[in-house]
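Residue numbers (this note's numbering): 80 to 637. All C-beta atoms, glycine included, are put in the ideal place defined by N, C-alpha and C. Reading through the structure tokens given below for one structure.
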RNA sequence: GCGCCCAUAGCUCAGUGGAUAGAGCGCCGGACUACGAAUCCGUAGGCCGCCAGUUCGAAUCUGGCUGGGCGCACCA
């Protein structure tokens, strides 16, 4: 609808210029076509006459009038066009044209809302990527929900999307994990050793040690400590990673690729990129360590890639990792990190520019932290002490649908309060049920209708003459907006727009449905019933499509 | 001290440089002899943190200030 109108307005400006009524404009002015807040201002409104005023050296209202005079509306899309206020042009869409939206929804079905804005470009989105040193916690869940939904939204707007999880299965953290487990293992065998404070303290470490002991017995005590720790590390990382994968499945997320940090070392990629940068003097030696000239590429200081003790830093493998991403020829490379990593962004961006890649193709989105509450009170969490609520516990307690929906309901740049009690409530406090209830209600209507002989209703041109109530028109207009919500959500990388739209559509439907005396869907009037069934089943399609983008189920009954 | 993010109704938050800033919760008052009340209807509630600037026009853009969150390793 909006595209059609946009075309008409552009065409009108062109023909006004051709007729000499307006000065040629180069470049053409960017046009904002929006839906006014107030119904009296039309279905769409544009400010284009006002933005052209200065260049045309004429009054906005005069320009607006000229544009309107040159509008050709061959399809009779418009019922009224007017100049209003300081120079807005307000457009009123002809009533019967709105109903074609219903036809489009039914025809496109699961594809309604998709577009080709991404032009088939290849985009890689890396998210979650939690270290296999402990279970996923609530904050990871938010990153997972945001990343997964962004991927779905990009995919719906014509991108070819690859989701990737980067597994930090190398380095000192894994070593620390091994040490932690080995200490617990020895404690289980009666040895009196204390767990050093810098080791992982969580109770899951005890569990891992117990499993290790049960499976392999006491033989680790006979190994040299070095070997025993390595063995523990490998065992623990594998077990934890298995658990993470299970949690990811339980949360309804799937990854196309799992990329191993260890692979970057085994394949020599890390050494190769360090050598290359050294030969170009982008990496230099100082105080026995190797430093990257990140300061020359926008970071506040240079950063160490190889420490004086010969060990590489996390940054070293990250350089090789991002080089690898670029070498895989993606048009866009997107990283989604927890906001606590924001200080790391300039460094990685700097390394990408230093390697000569196009920095514009790389974007980092920082997801703000989650404050976990129960009944309004903060839940004490300390990763160091190993006291935290795992994502699994939250999924088990409040359910996957509610968890995902609530994680998506805030702009990712805002800190999120997640209240476990609120999340469990099946009321208006909890919008997920509000939206899902629409799907269940409509499913039930369709079931009842089928019992009365209504099945697979086809589009009929009469529908525009039957569905004439203001609230019916309002529903249709709302449905017409859905594709733009998805497109805008993708363009701005803002997944929260989808659940907000869902809430709005749900509210409009519930209100319509509730006044059952005024407009019962299935009535004695066969034509009216068919038209309304066509209307509500279109709503159901959009609810299902939107929930599907969020990874939330659309139940037939609740 | 430096950097990133946030500040809108009592609370939690939406809001595309545009015309009269919205929703849910909460408060108060109402609605089912049923296409499921996990719903609906109504009332009240606002210096859009503060100051300046840009603009025909600012909650929205820019600068400064105040308050809050997070981060500033040869850790990951």
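Integer-rounded CB distance, given that residue j should sit under 8 Å from residue i
| i | j | result |
| --- | --- | --- |
| residue 268 | residue 289 | Rounded, the Cβ-Cβ distance is 11 Å, inconsistent with contact. |
| residue 371 | residue 381 | 6 Å |
| residue 128 | residue 104 | About 12 Å separates the two Cβ atoms, so there is no contact after all. |
| residue 197 | residue 229 | With 8 Å as the limit, residue 197 and residue 229 do not qualify as a contact, their Cβ atoms being about 12 Å apart. |
| residue 440 | residue 475 | Their Cβ separation, rounded to whole angstroms, is 40 Å, which puts residue 440 and residue 475 out of contact at 8 Å. |
| residue 260 | residue 302 | Actually they do not touch by this definition, with Cβ atoms about 14 Å apart. |
| residue 162 | residue 137 | About 13 Å; that fails the 8 Å criterion. |
| residue 156 | residue 83 | 6 Å |
Outcome for residue i when other beta-carbon atoms lying within 10 angstroms are tallied against a minimum of 16
| i | result |
| --- | --- |
| residue 407 | exposed |
| residue 277 | exposed |
| residue 426 | buried |
| residue 116 | exposed |
| residue 168 | buried |
| residue 139 | buried |
| residue 700 | Within the shown structure, residues of the chain are numbered from 80 to 637, placing residue 700 beyond reach of any answer. |
| residue 337 | exposed |
| residue 36 | Beyond the ends of the chain as shown, which are 80 and 637, falls residue 36; an answer cannot be given. |
| residue 88 | buried |
| residue 92 | buried |
| residue 86 | exposed |
| residue 153 | exposed |
| residue 562 | buried |
| residue 263 | buried |
| residue 373 | buried |
| residue 164 | exposed |
| residue 296 | exposed |
| residue 210 | buried |
| residue 520 | buried |
Whether residue i touches residue j by CB criterion (8 Å)
| i | j | result |
| --- | --- | --- |
| residue 536 | residue 612 | yes |
| residue 625 | residue 577 | yes |
| residue 628 | residue 224 | no |
| residue 315 | residue 250 | no |
| residue 220 | residue 470 | yes |
| residue 510 | residue 402 | no |
| residue 413 | residue 444 | yes |
| residue 123 | residue 134 | no |
| residue 533 | residue 610 | no |
| residue 500 | residue 453 | yes |
| residue 248 | residue 305 | no |
| residue 543 | residue 207 | no |
| residue 447 | residue 418 | yes |
| residue 433 | residue 376 | yes |
| residue 524 | residue 191 | no |
Residue i to residue j span [Cα, whole Å]
| i | j | result |
| --- | --- | --- |
| residue 601 | residue 546 | 13 Å |
| residue 596 | residue 552 | 18 Å |
| residue 495 | residue 590 | 29 Å |
| residue 478 | residue 179 | 38 Å |
| residue 364 | residue 396 | 18 Å |
| residue 618 | residue 199 | 28 Å |
| residue 389 | residue 367 | 9 Å |
| residue 131 | residue 497 | 47 Å |
| residue 187 | residue 622 | 14 Å |
| residue 392 | residue 385 | 6 Å |
| residue 102 | residue 149 | 14 Å |
| residue 299 | residue 325 | 28 Å |
| residue 423 | residue 455 | 33 Å |
| residue 559 | residue 421 | 38 Å |
| residue 508 | residue 362 | 54 Å |
| residue 491 | residue 323 | 23 Å |
| residue 355 | residue 283 | 42 Å |
| residue 274 | residue 311 | 15 Å |
| residue 514 | residue 493 | 23 Å |
| residue 307 | residue 271 | 17 Å |
| residue 502 | residue 483 | 10 Å |
| residue 222 | residue 177 | 38 Å |
| residue 253 | residue 313 | 8 Å |
| residue 118 | residue 378 | 50 Å |
| residue 585 | residue 556 | 14 Å |
| residue 548 | residue 416 | 48 Å |
Any non-hydrogen atom of the ligand SAM closer than 7 Å to residue i Cβ
| i | result |
| --- | --- |
| residue 366 | Absence of the ligand SAM from the depicted structure is noted, as is the absence of any ligand whatsoever, leaving it without description. |
Problem - Residue ranges of each alpha helix (DSSP H) within the region 196-271, 4 or longer - result: 217-235, 251-267, all fully within the region 196-271.
Practice task
Kindly provide the ranges of any alpha helix (DSSP H) runs that are 4 or more residues long and lie completely inside the region 504-591, ordered along the chain.
Solution key: Whole alpha helix (DSSP H) segments, 4+ residues: 510-530, 542-545, 549-571.
Exercise for the section: Jot down the residue ranges of each uninterrupted beta strand (DSSP E) in the region 308-350, minimum 3 residues, whole runs only, in chain order. Expected result: Counting whole runs of 3 or more residues, the region 308-350 contains the beta strand (DSSP E) stretches 336-339.
Practice task
Give, in chain order, every unbroken run of the alpha helix (DSSP H) that is at least 4 residues long and sits entirely within the region 385-458.
Solution key: Within the region 385-458, the complete alpha helix (DSSP H) runs of at least 4 residues are 393-406, 424-433.
Exercise for the section: Would you mind listing the alpha helix (DSSP H) stretches within the region 137-172 that are 4+ residues and don't spill past its ends, in chain order? Expected result: DSSP assignment within the region 137-172 yields the following whole alpha helix (DSSP H) runs of 4 residues or more, N-terminal first: 139-148.
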